[in-house]
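Data first, discussion second: the structure below is written as C-alpha cells.
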Amino acid sequence: MKDLLISIKGEITASNFYEWQTSLIQYIDSTNTELVTDEDFANADGTVKTFKAIEKRLDTVKQSALDQSHDIICLFKAIDSIKSHVRETRLVLNRQLTKRKKEIRLELIDSAIKRVKKFINSQEGVFPLLNHKDILQELDFELAIKSKSSLTTAQFALDRLVQAKIKEVGQRLDLVALNERNLSNVCNDYHFLFHDKKALLLKATDDLDILISNRVLDYKEKERKIKTPIVPKITEGELLPEELTAQVNSFDKVDFIMALECIADKKNPFSGDSFPAHLFLNDVDFFGVLNRVIEELKNEKLRSEEFGVANLEPRYIANYFPKRNGAKHDEFSRNILILKNTSSASREEVVCDFFSKLEPIIPVNCLVVSIPSSDPANRDRGISEIIKKLCHEGRRKNGDGILYRSKKILPAHFGGLRNVTSHLDTMAVSDPSLIVGNDVVLLDDVVTSGSSFRAAAIKLNRCRAMSITLIAIGKTAHE
3 MKDLLISIKG EITASNFYEW QTSLIQYIDS TNTELVTDED FANADGTVKT FKAIEKRLDT
63 VKQSALDQSH DIICLFKAID SIKSHVRETR LVLNRQLTKR KKEIRLELID SAIKRVKKFI
123 NSQEGVFPLL NHKDILQELD FELAIKSKSS LTTAQFALDR LVQAKIKEVG QRLDLVALNE
183 RNLSNVCNDY HFLFHDKKAL LLKATDDLDI LISNRVLDYK EKERKIKTPI VPKITEGELL
243 PEELTAQVNS FDKVDFIMAL ECIADKKNPF SGDSFPAHLF LNDVDFFGVL NRVIEELKNE
303 KLRSEEFGVA NLEPRYIANY FPKRNGAKHD EFSRNILILK NTSSASREEV VCDFFSKLEP
363 IIPVNCLVVS IPSSDPANRD RGISEIIKKL CHEGRRKNGD GILYRSKKIL PAHFGGLRNV
423 TSHLDTMAVS DPSLIVGNDV VLLDDVVTSG SSFRAAAIKL NRCRAMSITL IAIGKTAHE
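For what it's worth, this note's numbering labels the leading residue of the sequence shown as 3, then goes sequentially.
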C-alpha cells in the first residue's frame, strides 16, 4: 500500500483584513455607551445599524473565502470519513486478535496439563487413582506464560513447566511407594484403621509414621479397655480383704469369661502364672466341660448385649408429620419428603439445611453409617449426600453403604412388617473390620417404630463397635 501524500497551496493573494480590523476595533472602542441626550440616542441608533452591516459583511467575506477553498474542505471531509472507517475495522480486528490469543493460550495450557496427566496415568498400581489436583492446578500453568508476549515463548515456558511437573510426579512416586510399604507392614493386622489409604499415601513419610503409630496405639487402648478384666493380683494362701471381695463380686461377665478362658489355658487368672503340671486341672474331660461353659456364657452375654442394644432409643431433630396430618404437615416435614425425592430440584438446598442441623450434634472422628433402604436398588438417597458433607475433609469417617439390604422388603409405610427380625434377616455388613473399635453413629431420615435402627445396631454390635448412637432427622408423629 502506497503512502498518503497531499500538497495544498493555500495562499491569500489580496487582503487588507488586518488594517481594517485595527480601524474597526478603534471605532468600537470609541463608541459612546452612556446615553443622556437626544443626540446620544440618535448617534447610538446609527452605530447599531453600522455594526449590523459590519457583521453581515464579515459573513459575506468568510463565505467567499470558503467558496474559493471548496476542494480543501472536501478533502478534509474525506480524510475524516476514511479515518472513521479505519478505526472501526481496527477495533473489530483487535477484539478478534485478543480473543484468539486467549483461546490459543488456553489450548496450550490444556495440552500441557494433558501431558502431565498422561504421565501420571501411565504409572502402575494405585498411583493414578490418587488425588493429584495440586500438581495439575491450572493457575500454575497460567502464571508460567503470564508475561510471555509471543506464542513461541509461551510454548517454551510451558514445556519447561511440564518437565518440572513430571519431575515432581517422579518424586511423588517414590513417596507413595515408600508410604505404601509402611502401610502394608501394618495393614495385615490393622487394615480396618486405614480406610482412607489413598489420602494417606500422599502424606509426608514422617507424618504418616506418626499417624500410623497413633491410630494403632489408640485402637490397642480401646481394645484393652474392652478386653482387660480388672483382676486383683493376690499371692497363694493370701486371704481376700473385704474391699477386694467386693471388687471380685462386682466383676462383669466379660471379666468372668476371660478368667475362665485363662483357666482353660492352664493359667492362674489372678497371677497369670501357669498351673503346676501335677494338678488335676490337666484332666481332658474337665477342659472339655469348661470350654462348653465358656461358649455358653459368651452366647448368653451376646444375647444380653443385643438386648441392651436393641433397646437404644434414637435421637431426632423434630417431629415429622406425614401428609395425612393436614395442617400439621409443616415445612420441616415437607423438606424430609424432598430429601427422599430423587427428582426434586430443591433437594440440594434441603441437604445443606439438614447438614447444618446435624453437624453440631454428631461427634467428630466417628463412623457415620446409614440405615439401608428397603430396596437395594435405591442408591440415590439424600441421606447419603448429607453423610458426604458430614465427612468432608476427614472430620468423620464415611460408612455409607457398610450396611446394605441383601433382599428387598416392603416399606413399613406401605404395609411392611415393623419388627426387628424382618430387618435382621435382610440386612448385612459389607466389611465387619471397618466397624471394629469405632464409635458409630447410625443415621436415617425418619424413625417411626425404630425397628430398622435396632436391627442395624445389633448387626454393628456383633462387629464389635466401640459405641453406637442412633440419630434420625425426624420422628414420625401420629397426632
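All C-beta atoms in this analysis are idealised placements derived from N, C-alpha and C, irrespective of residue type, glycine included.
Within this structure, are the beta carbons of residue i and residue j separated by less than 8 Å?
| i | j | result |
| --- | --- | --- |
| L436 | I404 | yes |
| V442 | C368 | yes |
| L444 | I473 | yes |
| T207 | N181 | yes |
| I373 | S454 | yes |
| K167 | V118 | yes |
| P202 | V178 | It is worth fixing the name first, because residue 202 is Leu in this sequence and not Pro. Taking 8 Å as the Cβ cut-off, L202 and V178 do not qualify as a contacting pair. |
| L195 | V171 | no |
| T49 | T24 | no |
| L138 | I115 | yes |
| G401 | V371 | yes |
| A46 | L60 | no |
Tell me which residues share the same chain as residue i and place their Cβ nearer than 6 Å to its Cβ, disregarding the 5 neighbours each side in the sequence.
| i | result |
| --- | --- |
| D397 | One detail in the question is off: residue 397 reads as Arg in this sequence, not Asp. Result list for R397: V366, in chain order. |
| S252 | Per-residue confidence for S252 stands at a pLDDT of 39, beneath the threshold of 50, marking its modelled position as unreliable; no derived number is given. |
| K79 | none |
| N337 | V352 |
Take residue i and list the residues in its own chain whose beta-carbon comes closer than 7 Å to its own, dropping the five residues that flank it on each side.
| i | result |
| --- | --- |
| I411 | S376, G418, S424 and T428 |
| W22 | none |
| R349 | I340, L341, N343 and G384 |
| L241 | Low confidence applies to L241: its pLDDT is 41, below 50, so where it sits in the model is not reliable, and the reading given next is rough at best. Nothing listed; no residue qualifies. |
| A146 | A159, L160 and L163 |
| N293 | A266 |
| F357 | I388, K391 and L392 |
Report the three-state DSSP secondary structure of residue i (helix, strand or coil).
| i | result |
| --- | --- |
| K200 | helix |
| V443 | strand |
| L241 | For L241, the predicted model reports a pLDDT of 41, less than 50, meaning its position is unreliable; a value from the coordinates is still stated below. In the structure shown, L241 sits in coil (DSSP, three-state: anything other than H, G, I, E or B). |
| P231 | Residue confidence is low: P231 scores 47 on pLDDT, short of 50, so the model does not pin down where it sits. Its coordinate-derived value is still stated next. In the structure shown, P231 sits in coil (DSSP, three-state: anything other than H, G, I, E or B). |
| A347 | coil |
| L462 | helix |
| N133 | coil |
| K431 | A small correction: the amino acid at residue 431 is Val; Lys does not occupy that position in the sequence shown. DSSP places V431 in strand when its eight states are reduced to three. |
| N321 | strand |
| A474 | strand |
| L95 | helix |
| K410 | coil |
| K269 | strand |
| N2 | As displayed, the chain neither begins before 3 nor continues past 481, which places residue 2 out of reach and without an answer. |
| L360 | helix |
| L405 | strand |
| S454 | helix |
| S372 | strand |
| V128 | coil |
| V482 | Any answer about residue 482 is impossible in this case: the structure gives the chain only from 3 up to 481. |
| S424 | helix |
By Cβ distance, which residues of its chain are closer than 8 Å to residue i, with the 5 residues on each side in sequence left out?
| i | result |
| --- | --- |
| M468 | K224, I228, G439, N440, D441 and V442 |
| I106 | L153 |
| V295 | L262 |
For residue i, does the count of other Cβ atoms within 10 angstroms reach 16, so buried, or fall short, so exposed?
| i | result |
| --- | --- |
| T471 | buried |
| R174 | buried |
| G476 | buried |
| V63 | exposed |
| K51 | exposed |
| D447 | buried |
| Y1 | Because the chain here runs from 3 to 481, residue 1 falls outside it and cannot be looked at. |
| A55 | exposed |
| D136 | exposed |
| V422 | buried |
| D332 | exposed |
| E13 | exposed |
| A88 | Contrary to the premise, residue 88 reads as Val rather than Ala in this sequence. Answer is exposed; the Cβ neighbour count stays below 16. |
| A16 | exposed |
| Q165 | exposed |
Nearest to residue i by alpha carbon, out of the options?
| i | options | result |
| --- | --- | --- |
| I214 | L185, A201 and K200 | L185 |
| P328 | A479, D176 and T52 | Contrary to the premise, residue 328 reads as Gly rather than Pro in this sequence. Checking every option, the nearest Cα to that of G328 belongs to A479. |
| E387 | P362, D355 and I363 | D355 |
| V188 | K330, L95 and N216 | N216 |
| N133 | D198, K325 and N190 | D198 |
| E109 | F143, A347 and S408 | F143 |
| D112 | L141, R92 and L93 | L141 |
| K409 | P434, A379, D402 and D433 | A379 |
| N321 | S335, H394 and V370 | S335 |
| D433 | T450, Y406 and G452 | Y406 |
| E126 | E315, D176, K103 and Q157 | D176 |
| K359 | S346, R381, S345 and Y318 | Y318 |
| K200 | F258, I212 and P130 | P130 |
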